[in-house]
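Position one of the sequence shown corresponds to residue 1 (my numbering), numbered consecutively onward. Where a beta carbon is used, it is the ideal one built from N, C-alpha and C, also for glycine.
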Amino acid sequence: MNNKIRIGIKTGIITLIIIVNLLYVSSANIGVSPANVYFKDVLRGGYAERIVTITVDSEEPTKISLEPRGEIVDWVSFEEKEFEVSRNKPYYLKIILQPPVDIPNGNYTGFLRVTTSSKNKGVEGQATGVINAALDLYLEVKITDVEFSSCRAWDFQVESVEKGDDILFKVKVLNEGNVRLYPTIKIDMWDQERTELVKQVEFSEDMIIPTTEKELNIKVESSDMNLGQYWAEITSIECYAAQTLTFDILEEGALKAQGNLLRISSPTWIKVDDTTIIEALFENTGEKNVNARFKGEITLGSRVIQILESELSSVSIGEIETFKFYFTPRKEGKYIVTGMVFYDGKRTFEKSTVINVEKKGFDIGVIRTILIYLILLIVIAYLAYKIKKEKRRNNLRWKR
């Protein structure tokens, strides 16, 4: 009978520990794509970068930390060493490589250790334990002292404009070489019959560092051009790419300016003295590029706490501009954020959002976890006491 009691007590302890761990410990599986990264023909003292995607299978935010190792540990850097990832919010990590100028030519290897630590909220008000998982991303670099230039240009664009507005030409350029590139873009503008060269411009002011992509925006005055259709031959000289496009110079007021303030977003609940971000999203749904500015305010009751006003921003057709502001409340309460966007002599409908600010205090989830472990310790101590007491009884019986 005594053995059965002892076995039952031990089984109870083990079962209790397992249940607590199952209820209050969670982890997330991590994925990195691609699994290997190769930097080819990087110049000594040069620059290169690659993008990898980090994902997890958890709905809750998972904290990720990075640690480079191996021969290239001192050459590798990141925009952020710690960040959060969730199932619907992958992280696009930019791996930046900057080897020293005195490094010998050759192949070098290393790896990037990606470590997770998840503190999931689960049911509101509950905290969970932490499990760390690690994954190594293999890195290989070929160092050279041979300079070479190469690039690729694509996505040539131009839109019709009203007379007097700037004609905006766009082209994307990728620097595939290992030296800095100042791409030259040449634009020849012809009349409707394509018999007379009306205007010619060259642009080479933007610098693109190796392995990076940039969209070039070239503005050309239209005030000296007549109304009508034109043809534009756009050439990227270094990239050996060209495309012919057409556009119109229209009468003033011919193009419709239209925009929509999609939303003002911010966290619903924050604590006093915490800094939060407020974002206002404006979409250009019209037929012309517009200059837009957000104006708004944050109020607490009838009192204006903070004025929100952005810089003037150029928003292209179909694009969404995000105006960002930061707010640090000094007292608790219900704050209302309201505002609208002004563009091309127009304004959007007013939108608003609410930020609830509460006093800082103890995290109820942490308190609950502490209580659970205290109860667990008490139960274990009680069971240990019962076992010890049972042993004493058995010893007394044997002595008798």
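message: If the criterion is Cβ atoms closer than 8 Å, does the pair residue 112 and residue 61 meet it?
response: The Cβ atoms of residue 112 and residue 61 do not sit closer than 8 Å to each other.
field: Burial state of residue 175 (16 or more Cβ within 10 Å)
entry: Counting other Cβ atoms within 10 Å of its Cβ, residue 175 reaches 16 or more and is therefore classed as buried.
task: Identify which residue in 198, 154, 35, 189 has its Cα closest to the Cα of residue 216.
output: For residue 216, the nearest C-alpha among the options comes from 154.
field: Environment of residue 25 [buried if 16+ CB atoms lie within 10 Å]
entry: Because residue 25 sits at a pLDDT of 46, beneath the cut-off of 50, its placement in the model cannot be relied upon, and the following sentence gives the value as read from the coordinates. Exposed, because fewer than 16 other Cβ atoms sit within 10 Å of the Cβ of residue 25.
message: According to DSSP, simplified to helix, strand and coil, what is residue 390?
response: Per DSSP, reduced to three states, the secondary structure at residue 390 is helical.
- request: Please go through the same chain and pick out, in chain order, the residues whose beta-carbon is closer than 6 Å to the beta-carbon of residue 344, but skip the five residues on each side of it.
  value: For residue 344, where only same-chain residues beyond five positions count, the Cβ hits under 6 Å are 257, 290.
message: With the cut-off set at 8 Å, would you say residue 296 and residue 268 are in Cβ contact?
response: The beta carbons of residue 296 and residue 268 sit no closer together than 8 Å.
- prompt: With a Cβ-Cβ cutoff of 8 Å, do residue 140 and residue 107 count as a contact?
  reply: Yes, these two residues count as a Cβ contact at 8 Å.
- prompt: What do you get for residue 48, buried or exposed, if any count of 16 or more other CB atoms within 10 angstroms of its CB means buried?
  reply: Looking at its Cβ environment, which holds 16 or more other Cβ atoms inside 10 Å, residue 48 is buried.
- request: Give the single residue among 223, 30, 334 whose Cα lies nearest to the Cα of residue 132.
  value: Taking only the C-alpha atoms, the option nearest residue 132 is 30.
- prompt: In the structure shown, what three-state DSSP assignment does residue 155 receive?
  reply: Residue state for residue 155 is assigned as strand, using DSSP reduced to three classes.
- request: Mind reading off the beta-carbon distance from residue 89 to residue 51? Whole number of angstroms is fine, and I expect it under 8 Å.
  value: Between residue 89 and residue 51, the beta carbon gap of about 16 Å keeps them out of contact (Cβ cut-off 8 Å).
query: How should residue 282 be labelled, buried or exposed, when 16 other C-beta atoms within 10 angstroms of its C-beta is the threshold for buried?
result: Classification of residue 282: buried, given that the 10 Å Cβ count is 16 or more.
- request: Can you give me the start and stop residues for the beta strand (DSSP E) that residue 220 sits inside?
  value: Note, residue 220: beta strand (DSSP E), 213-220.
query: How many Å lie between residue 318 and residue 160 at the Cα?
result: Whole-angstrom Cα-Cα distance: 14 Å.
query: For residue 220 versus residue 270, is the C-beta distance shorter than 8 Å?
result: Not a contact, by the Cβ cut-off of 8 Å.
- prompt: Is it right to say residue 74 is buried, meaning 16 or more other beta carbons lie within 10 angstroms of its own, or is it exposed?
  reply: Classification of residue 74: exposed, given that the 10 Å Cβ count is below 16.
task: Could you check how far apart the C-beta atoms of residue 158 and residue 78 are, in whole angstroms? I think they sit under 8 Å.
output: Actually they do not touch by this definition, with Cβ atoms about 37 Å apart.
message: Here's the rule: buried if 16 or more other CB atoms are within 10 angstroms of the residue's CB, otherwise exposed. What is residue 371?
response: With fewer than 16 Cβ atoms within 10 Å of its Cβ, residue 371 is classed as exposed.
query: With residue 218 and residue 173 assumed to form a contact (beta carbons below 8 Å), what rounded beta-carbon distance in angstroms separates them?
result: So it is not a contact: roughly 12 Å between Cβ atoms.
Range of the contiguous beta strand (DSSP E) that encloses residue 303: Per DSSP, residue 303 belongs to the beta strand (DSSP E) from 303-309.
Residues near residue 65 in its chain [Cβ-Cβ closer than 6 Å; skip 5 each side]: Taken in chain order, the residues that qualify are 82, 115.
message: With the cut-off set at 8 Å, would you say residue 35 and residue 182 are in Cβ contact?
response: No, they are not a contact pair.
message: Using a 10 Å radius around the Cβ and a threshold of 16 neighbouring Cβ atoms, would you call residue 99 buried or exposed?
response: Residue 99 should be labelled buried.
- request: Using three-state DSSP, classify residue 37 as helix, strand or coil.
  value: Assigned with DSSP and collapsed to three states, residue 37 falls in strand.
task: Would you identify the three-state DSSP class for residue 138, choosing helix, strand or coil?
output: In the structure shown, residue 138 falls within a strand segment according to DSSP collapsed to helix, strand and coil.
- request: Ignoring anything shorter than 3 residues or poking outside the region 189-269, list the beta strand (DSSP E) runs there in chain order.
  value: Runs found: 197-203, 213-220, 228-236, 241-250, 259-265.
query: residue 46 to residue 178, Cα distance in whole Å?
result: Rounded to the nearest angstrom, the two C-alpha atoms are 7 Å apart.
query: CA-CA distance, residue 390 and residue 384?
result: Their backbone Cα atoms lie some 10 Å apart in a straight line.
Inter-residue spacing [alpha-carbon to alpha-carbon] between residue 314 and residue 336: If you take the alpha carbons of residue 314 and residue 336, they lie about 27 Å apart.
query: Per DSSP, residue 409 is paired with what?
result: Coverage of the chain is limited to positions 1 through 400, which leaves residue 409 absent and any answer about it impossible.
message: Is it buried or exposed, residue 298, if we count other Cβ atoms within 10 angstroms and call 16 or more buried?
response: Buried, since its Cβ has 16 or more Cβ neighbours within 10 Å.
task: Sort out for me which residues DSSP pairs residue 162 with in a bridge.
output: Residue 162 is bridged to 250.
- prompt: Taking the alpha carbon of residue 234 as the point to measure from, which residue in 224, 273, 190 has its own alpha carbon closest?
  reply: Of the candidates 224, 273, 190, the one whose C-alpha sits nearest the C-alpha of residue 234 is 190.
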